[in-house]
Each structure stands twice: as C-alpha cells, then as structure tokens.
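Undergrad: Residue numbering for the sequence shown follows my numbering, beginning at 3 and increasing consecutively.
Yeah, the Cβ is synthetic: ideal placement off N, Cα and C, and Gly gets one too.
Keep in mind it's a predicted model, so treat the numbers as computed, not measured.
Please read through the structure below; I'll follow up with questions.
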Amino acid sequence: MPDMKLFAGNATPELAQKIADRLYVRLGQATVGRFSDGEIAVEIKENVRGLDVFVIQSTCAPTNDNLMELIVMVDAMRRASAGRITAVIPYFGYSRQDRRVRSTRVPITAKVVADFLSSVGVDRVLTVDLHAEQIQGFFDVPVDNVFGSPILLEDMLSRDFDKPVIVSPDIGGVVRARAVAKLMDDCDLAIIDKRRPRANVSQVMNIIGEVSGRDCILVDDMIDTGGTLAKAAEALKEQGAKRVFAYATHPVFSGSAVANLKDSVLDEVVVTDTIPLHPDMAKLPIVRQLTMSGLLAEAIRRVSNEESISAMFR
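In structure tokens:
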C-alpha cells in the first residue's frame, strides 16, 4: 500500500503499532510533544503530499489533551497537502454528551467535537462502537462506526460456559445483548432493570430472566467507574448465578474503577485495547484485554482500497 501512511498520537501508541504491523507498513515519523508552556507541538517528519493518511488517536483520558493532539495533527497533515485524511478514533471521547436533556442548559459536546474535526480538514472518521450511533449525523463527512462485537464474540465462543445467559446491564442495552445472544447459538437473555422506588431510597436491581445455576455474561459498550457493573454482578450472584463475566469494548475505567472491580464478585472482565489500561488496572487478575488491531487494520485497508466496510459484518 505505497500510497497509504499511518500516524499515531500519544493516546494509543501500542494499538497503532499493532495495526501497522498487521498492514505490513511502518508508522509515519512525527513529533508529537509539548512546548515548555504546555502547548502541543507537532511536526510531520516525512512527505505526505497527495497520500492517503490515517491518524490513529483515541480521545480517552486525558481527553482534552488527546483531542487537541488529534486536531493539531490533522491540521498539520492538511497544510502538508495530504490527499485524504482519515481520523481513526478507536474510542470517541465526549460520545455520552450527545443530546440536551429537556429543560437543561447543557451543551451537545459530541457535536462540538465533530465540528472541530470537520473544521481542520478531516475527510473521514473511523471509530469503534459509538456510545450513540446518531453522532454519525453530527459530521459533514463519512463516519464508519465499526462494531467491536466480533472480537468479543470470538472470545466468548472459545469459552466453555455452563448454560450461558447473556445479560443486559440496563434496558438501554437490550438491543446489543439480544444481538450477542443470537450469535451465541441463540442462548437465553436476561435484563437488569434498575429503578429507584422513591426519593432517598436505594436503587433496586430487578433481574428479568432465569440466571440461577448459570454462567452470566454481562455485555456493554464501555465500563466507566465499574460501580454499577459490580452491583449488577452482586445482584446476579444473589439470584443464584454460578459465575459472572463482563465483556465491554471500551475500558474507560475512571475514578474508583480499580477498587470497585477489585472488591467485586465478578469472575472476569474482558475488554479491548481501544483505551490503554492503567497499570493498576492491568495488575488485577480478573481483567483481560483483547486487541482491536486486526479489526481496525482490515477497516483501514478497506477504506484505503475503496472497499465496503459494512461487508465485514455480514
């Protein structure tokens, strides 16, 4: 692929290198650092004129630093006359700020980020498991939202689960859980219905479905603090679940996530490398990380060769 070049920011260097290795190309040379006052300093060290350029950068924590790195890198590519610039954003930060709740004076920050990227010259966006698919409509350029489920599903199918049941951690995740259950030989589905009976009363978790004596597999797009996940696992165990596993694409793991998972009754937490694991989280024996590099490499190859992305998931 002589007309394609990959570049990486500082957010996900290991994932970027794995993607490059799978495509049998080297990462482009670029300096992405800081000036003495903390401003971002970027210099592209090789010719990109007329080339198909892919900039790989998750906008995970530190979110604003990584987002600005991506924006400045894209601007540098555009000013260096790159032919086409695709922003490869494995984890799209601010994706949970996708709407304005009625009667609140809040921004729709996901749209602001989309405007930022469009304004500096991004021609295309490639991302994984957007928290809200409508974010694709915030952009004026094509957005490829690839599914991380094939990577997670491949791991699930390789396991020897005992009477598995797929569990949605909330009502909003039912569509995702149902799709996974169908691909898991049409196994059973359970739903955790979280509700607060009245003000100042602790949240109650009602489990819809049969979980007693079975391996329960919680599926979600991301894990943040892990508090709700830990409570869900506890509720499942109280209902007689044999083992509880959690599968999620994005390991956000913010705040007290390490403590929450360490003290939980979860048997295993499986995530991908769209976000690097904090060293303390990586040390937890129940946490295991899969790589998204193969899926992203194939998606990049297809974009570069003008092939269908959706055909990957048929």
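DSSP beta-bridge partners for THR129?
TA: In the sequence shown, the residue the question calls residue 129 occupies position 127. ILE91 and ASN147.
Undergrad: Are there 16 or more other CB atoms within 10 angstroms of the CB of THR129, so buried, or fewer, so exposed?
TA: Here residue 129 is taken as the residue at index 127 of the sequence shown, counted from 1. THR129 comes out buried.
Undergrad: To the nearest angstrom, report how far apart SER266 and GLU71 are at their CA atoms.
TA: As a working mapping, residue 266 is identified with position 264 in the sequence shown. As a working mapping, residue 71 is identified with position 69 in the sequence shown. SER266 and GLU71: Cα-Cα distance of roughly 36 angstroms.
Undergrad: Given a cut-off of 8 angstroms on the beta-carbon distance, is the pair TYR249 and LEU132 in contact?
TA: Taking the sequence shown and counting its residues from 1, one reaches residue 249 at position 247. Taking the sequence shown and counting its residues from 1, one reaches residue 132 at position 130. The answer is no: Cβ separation not under 8 angstroms.
Undergrad: For GLN31, which residues does DSSP report across the bridge?
TA: The count along the sequence shown starts at 1 and reaches residue 31 at position 29. DSSP lists no partner for GLN31.
Undergrad: Whose C-beta lies closer than 6 angstroms to the C-beta of LEU298 among residues of the same chain, with five residues either side of it excluded?
TA: As a working note, residue 298 is residue 296 in the sequence shown. Only ILE21 meet the Cβ criterion.
Undergrad: Does the structure place the segment 211-220 close enough to the segment 237-249 that three or more beta carbon pairs sit under 8 angstroms?
TA: In this structure the segment 237-249 touches the segment 211-220; the number of beta carbon pairs closer than 8 angstroms is three or more.
Undergrad: Does the beta-carbon of PHE37 have 16 or more other beta-carbons within 10 angstroms, so that it is buried, or is it exposed?
TA: If you number the sequence shown from 1, residue 37 lands on position 35. Result: exposed.
Undergrad: Bridge partners of GLN291, per DSSP?
TA: Here residue 291 refers to the residue found at position 289 of the sequence shown. In the DSSP output, where bridge partners are listed per residue, GLN291 has VAL273.
Undergrad: Specify the secondary structure class of TYR191 as computed by DSSP and reduced to three states.
TA: Working through the sequence shown from its first residue, we reach residue 191 at position 189. Note on identity: in this sequence residue 191 is Leu, with Tyr being the wrong assignment. Strand at LEU191.
Undergrad: Buried or exposed: where does PHE94 fall if 16 or more other Cβ atoms within 10 Å of its Cβ makes it buried?
TA: Mapped onto the sequence shown, residue 94 falls at position 92. PHE94 comes out buried.
Undergrad: Kindly indicate the opening and closing residues of the alpha helix (DSSP H) around LEU119.
TA: Within the sequence shown, residue 119 is the residue found at index 117, counting from 1. Where LEU119 is concerned, the enclosing alpha helix (DSSP H) stretches over 111-122.
Undergrad: Hey, could you find the ends of the beta strand (DSSP E) MET224 is sitting in?
TA: Taking the first residue of the sequence shown as 1, we reach residue 224 at position 222. From DSSP, the beta strand (DSSP E) with MET224 extends over 217-225.
Undergrad: The beta strand (DSSP E) that contains GLU2, what's its start and end?
TA: Summary: the structure shown does not reach residue 2, with the chain confined to residues 3 through 316, and so no result is reported for it.
Undergrad: Ordered along the chain, which non-local residues of its own chain (more than five positions away) have a Cβ less than 6 angstroms from that of THR65?
TA: The residue labelled residue 65 in the question sits at position 63 within the sequence shown. The answer, listed in chain order, is GLY95.
Undergrad: Of the residues SER151, PHE9 and PHE141, which one's Cα is nearest the Cα of VAL34?
TA: One-based indexing of the sequence shown puts residue 34 at position 32. When each option's Cα is compared against that of VAL34, the closest is PHE9.
Undergrad: Just curious, the alpha helix (DSSP H) that THR14 is in, first and last residue?
TA: Counting from one through the sequence shown, the residue named residue 14 turns up at place 12. That residue, THR14, is in no alpha helix (DSSP H); it is neither H nor E in DSSP.
Undergrad: Could you tell me the distance, in whole angstroms, from the CA atom of ILE311 to the CA atom of PHE149?
TA: As a working mapping, residue 311 is identified with position 309 in the sequence shown. As a working mapping, residue 149 is identified with position 147 in the sequence shown. Roughly 10 angstroms separates the two Cα atoms.
Undergrad: Could you compute how far the alpha carbon of THR293 sits from the alpha carbon of GLY211?
TA: Working through the sequence shown from its first residue, we reach residue 293 at position 291. Working through the sequence shown from its first residue, we reach residue 211 at position 209. So the alpha carbons of these two residues sit roughly 32 angstroms apart.
Undergrad: By DSSP, does PRO253 sit in helix, in strand, or in coil?
TA: Along the sequence shown, read from residue 1 onward, the residue named residue 253 stands at position 251. Looking at PRO253 - three-state DSSP - the assignment turns out to be strand.
Undergrad: Is the distance from the Cβ of ASP54 to the Cβ of ARG86 below 8 angstroms?
TA: For the purposes of this step, residue 54 is identified with residue 52 of the sequence shown, where counting begins at 1. For the purposes of this step, residue 86 is identified with residue 84 of the sequence shown, where counting begins at 1. Taking 8 angstroms as the Cβ cut-off, ASP54 and ARG86 qualify as a contacting pair.
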